[in-house]
Ligand code: GDG
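Numbering (my numbering), first residue to last: 1 to 461.
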């Protein structure tokens, strides 16, 4: 069997400091069987990074990492990936800051990564590249002679041609994605938008999930990511004994908990969500003193200006809502910019009467799935979910809202708080079945099967 090499911007070496709280490490955990490799940035900056990757072995898996100079990190990560691509792919054209020199830095880092992996990859390896930081990586690895199976999964949304065209280097990005054998997206909508871009911008021929370009055939398909539902449900059950979970439970003194968990990111709709909570207290005063809203939002990408502005905005909104509604013995909204340990998080979801997941745009949103997995069957909470999260394509029994409409979110919260137990259980049973069906394992299997079928695909091309 071919060795699997995973490539991503950050490499979550087990027990290393700064290992990411993001969805990727969790989703791919099952793939890391002994013998596999994970390649990417070490998270360190160096004046003169070595060309050879540093190799660390943990539980039979080789972690191969390279350092970046601070200038490369600025243009590649802060500039192009997070200053231009992230806003564009989240439909925020107004926030896109395109600079030629950042794009040049992005290409240069991808080149140096490809050169570095090129030194340790074997020709029959299967290489699976992750996310928007590394779009040109596959083409560059091929140019270095790599002949094995080459796949790419985009964790974030994709946009229709009319929007992608605003990006000055859109054609290059689409062509680079076409250089992979298989490209996976979170939803059919994103996959279709990509195929439309290939057709319109490059003149490719599209036939179902297949794209034919310059005599090659590749596949662009939807493969929704999932979680380790069983493991997460188990953690949530056990977390009843977690000290922090117990302290939060006690602090509620019988009040219903509304919980939100998101990286502090402008795509997550946090200001609108805070507004919505204020509207809920305004429009439905019967809930005052009876509920608590806890928002956990670990700081993220503070090098990017927009993220610092978001922090200030949230502080302001939280202050305003608490200033307006607090009583001597009740603070309606608590928000913390610190990350919680994973088990604690599972236990907190389980305490939630409402899980509020209202991104303005999101590839999937794993928090929605985690909240469902963590609920007790006998008395489950209700998920309020944005229609613009990839998860909304599957989790249709949630209360689906438009995240740009704080009043609609407030109404959904009210509906959730007053929903009869029988309806809560019915919705939960349907949602749970889905979350336990489309797991992280199923996601990985589907992708790797598509990738291993590529020789067959090319034969018929
Ligand atoms: C990208 C895409 C896509 C959050 N706070 C804490 C914490 N988390 C964990 C959550 C969840 C993960 O981080 C966040 O995943 P999401 O899917 O919600 O969002 P992104 O980080 O934006 O992830 C997204 C995902 O990739 C996977 O493909 O769904 O659309 O944007 O697992 O639980 N974990 C801990 N403490 C926290 O405070 N331990």
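Glycine included, every Cβ here is placed at the ideal spot set by N, Cα and C.
At 4 residues or longer, and completely inside the stretch 53-114: list those alpha helix (DSSP H) runs for me, N to C.
If we require 4 residues or more, the alpha helix (DSSP H) runs fully inside the stretch 53-114 come out as 70-73, 86-89.
Does the separation of the CB atoms of residue 89 and residue 156 fall below 7 Å?
One-based indexing of the chain shown puts residue 89 at position 89. One-based indexing of the chain shown puts residue 156 at position 156. It is a contact, given that the beta carbons lie within the stated cut-off.
With contact counted as at least three CB pairs below 8 Å, one residue from each stretch, are the stretch 106-123 and the stretch 137-147 in contact?
Yes: at least three Cβ pairs fall under 8 Å.
Does the stretch 217-236 come close enough to the stretch 272-288 that 3 or more CB-CB pairs lie under 8 Å?
no
Closest to residue 104 by CA distance: which of 76, 125, 130, 121 is it?
To locate residue 104, count along the chain shown from 1; it is residue 104. Comparing Cα positions, the closest option is 76.
Please classify residue 433: is it buried, with 16 or more other beta-carbons within 10 angstroms of its beta-carbon, or exposed?
Taking the first residue of the chain shown as position 1, residue 433 is located at position 433. Looking at its Cβ environment, which holds fewer than 16 other Cβ atoms inside 10 Å, residue 433 is exposed.
Straight-line Cα distance separating residue 212 from residue 349
Taking the chain shown and counting its residues from 1, the one referred to as residue 349 is at position 349. Taking the chain shown and counting its residues from 1, the one referred to as residue 212 is at position 212. About 45 Å.
Can you determine whether any heavy atom of the ligand FMN sits closer than 6 Å to the C-beta of residue 364, and answer yes or no?
With respect to small molecules bound, the structure shown includes the ligand GDG and not the ligand FMN.
From residue 409 to residue 296, what does the alpha carbon distance come to, in whole angstroms?
Taking the first residue of the chain shown as 1, we reach residue 409 at position 409. Taking the first residue of the chain shown as 1, we reach residue 296 at position 296. If you take the alpha carbons of residue 409 and residue 296, they lie about 18 Å apart.
Say the cut is 6 Å; is the CB of residue 298 nearer than that to a heavy atom of the ligand GDG?
Along the chain shown, read from residue 1 onward, the residue named residue 298 stands at position 298. Under cutoff, so the answer is yes.
If residue 443 sits next to residue 149, beta carbons under 8 Å apart, how far is it from one beta carbon to the other, in whole angstroms?
Your numbering for residue 443 matches position 443 in the chain shown. Your numbering for residue 149 matches position 149 in the chain shown. Not really, about 17 Å apart at Cβ, beyond 8 Å.
Which two residues bound the contiguous beta strand (DSSP E) that contains residue 175?
The residue given as residue 175 occupies position 175 in the chain shown. It is not in any beta strand (DSSP E) - residue 175 instead sits in the alpha helix (DSSP H) that spans 170-178.
In chain order, each beta strand (DSSP E) run of at least 3 residues that lies wholly inside the stretch 279-356
291-296, 333-336
Distance cut-off 6 Å: residue 345 Cβ against heavy atoms of the ligand GDG:
Residue numbering aside, residue 345 sits at position 345 when the chain shown is read from its first letter. Checking the Cβ of residue 345 against the ligand GDG gives yes.
Buried or exposed for residue 383, going by 16 or more other Cβ atoms inside 10 Å?
As a working mapping, residue 383 is identified with position 383 in the chain shown. With 16 or more other CB atoms across the displayed protein chains lying within 10 angstroms of its CB, residue 383 is buried.
Tell whether a beta-carbon distance below 7 Å holds between residue 93 and residue 166.
Against the chain shown, residue 93 aligns to sequence position 93. Against the chain shown, residue 166 aligns to sequence position 166. If you check the CB distance, residue 93 and residue 166 come in under 7 Å.
Roughly how far, in whole angstroms, is the beta-carbon of residue 333 from the beta-carbon of residue 322, given that I think they are within contact range, below 8 Å?
Sequence index remark: in the chain shown, residue 333 carries index 333 (1-based). Sequence index remark: in the chain shown, residue 322 carries index 322 (1-based). Confirmed, about 6 Å.
Please report the residue range of the beta strand (DSSP E) in which residue 190 lies.
Taking the chain shown and counting its residues from 1, one reaches residue 190 at position 190. Unbroken run through residue 190 is the alpha helix (DSSP H), 188-202; no beta strand (DSSP E).
Starting from residue 248, follow the beta strand (DSSP E) in both directions and report where the run begins and ends.
Indexing the chain shown from 1 puts residue 248 at position 248. Careful: residue 248 lies outside any beta strand (DSSP E), inside the alpha helix (DSSP H) at 243-251.
Is any non-hydrogen atom of the ligand GDG found closer than 6 Å to the C-beta of residue 155, if you look at the structure I gave you?
Position 155 of the chain shown, counting from 1, holds the residue named residue 155. Within the cutoff, so yes.
Buried or exposed for residue 119, please, with buried defined as at least 16 other CB atoms from any protein chain shown within 10 angstroms of its CB.
Along the chain shown, one-based indexing puts residue 119 at 119. Its Cβ having fewer than 16 others within 10 Å, residue 119 is exposed.
Quick one: measure Cβ to Cβ for residue 388 and residue 361, integer angstroms, because I've assumed they're closer than 8 Å.
Your numbering for residue 388 matches position 388 in the chain shown. Your numbering for residue 361 matches position 361 in the chain shown. Confirmed, about 5 Å.
Below 8 Å on the Cβ atoms is my guess for residue 8 versus residue 40; work out the distance and round it to an integer in Å.
Within the chain shown, numbered from 1, the residue matching residue 8 stands at position 8. Within the chain shown, numbered from 1, the residue matching residue 40 stands at position 40. Contact holds; Cβ gap of about 5 Å.
State the start and end residues of the unbroken alpha helix (DSSP H) segment that holds residue 139.
Start at 1 with the first residue of the chain shown, and residue 139 comes out as number 139. Run containing residue 139: 137-143, per the alpha helix (DSSP H) assignment.
Backbone CA spacing between residue 31 and residue 338 [nearest angstrom]:
In the chain shown, the residue the question calls residue 31 occupies position 31. In the chain shown, the residue the question calls residue 338 occupies position 338. One C-alpha to the other measures close to 29 Å.
Can you check DSSP and say which residues form a bridge with residue 37?
Taking the chain shown and counting its residues from 1, one reaches residue 37 at position 37. 5, 62, per the DSSP bridge assignment.
Looking at the strands, I want to know which residues DSSP matches up with residue 218.
The sequence position of residue 218 within the chain shown is 218, counting from 1. Paired residue(s): 211.
Going by Cα to Cα distance, which pick from 352, 412, 173, 294 is closest to residue 283?
Start at 1 with the first residue of the chain shown, and residue 283 comes out as number 283. Of 352, 412, 173, 294, the smallest CA-CA separation from residue 283 is found for 412.
Candidates 198, 285, 202, 214: closest to residue 208 by CA position
What you label residue 208 is simply residue 208 of the chain shown in a count that begins at 1. It is 198.
Just confirm the distance between the C-beta atoms of residue 2 and residue 126, as a whole number of angstroms; I'd bet it's less than 8 Å.
Within the chain shown, the letter at position 2 stands for residue 2. Within the chain shown, the letter at position 126 stands for residue 126. About 4 Å; that satisfies the 8 Å criterion.
Just to confirm, are residue 158 and residue 133 a CB contact at a threshold of 7 Å?
On the chain shown, residue 158 is found 158 positions in, with the first residue counted as 1. On the chain shown, residue 133 is found 133 positions in, with the first residue counted as 1. No. Outside cutoff.
Classify residue 155 as helix, strand or coil using the three-state DSSP reduction.
Here residue 155 is taken as the residue at index 155 of the chain shown, counted from 1. Three-state result, residue 155: coil.
Express the C-alpha separation of residue 327 and residue 12 in angstroms, rounding to a whole number.
Translated into the one-based positions of the chain shown, residue 12 becomes position 12. Translated into the one-based positions of the chain shown, residue 327 becomes position 327. If you take the alpha carbons of residue 12 and residue 327, they lie about 44 Å apart.
Would the stretch 412-422 and the stretch 341-356 be scored as touching if the rule is three or more Cβ pairs under 8 Å?
Verdict: yes, contact present.
For the ligand GDG, I want to know if residue 225 counts as a neighbour, meaning its beta carbon is within less than 6 Å of at least one of the ligand's heavy atoms.
In the chain shown, the residue the question calls residue 225 occupies position 225. Yes.
Rounded to whole angstroms, what's the CA-CA distance from residue 6 to residue 85? Just pull it up for me.
For the purposes of this step, residue 6 is identified with residue 6 of the chain shown, where counting begins at 1. For the purposes of this step, residue 85 is identified with residue 85 of the chain shown, where counting begins at 1. The straight-line gap from Cα to Cα measures roughly 22 Å.
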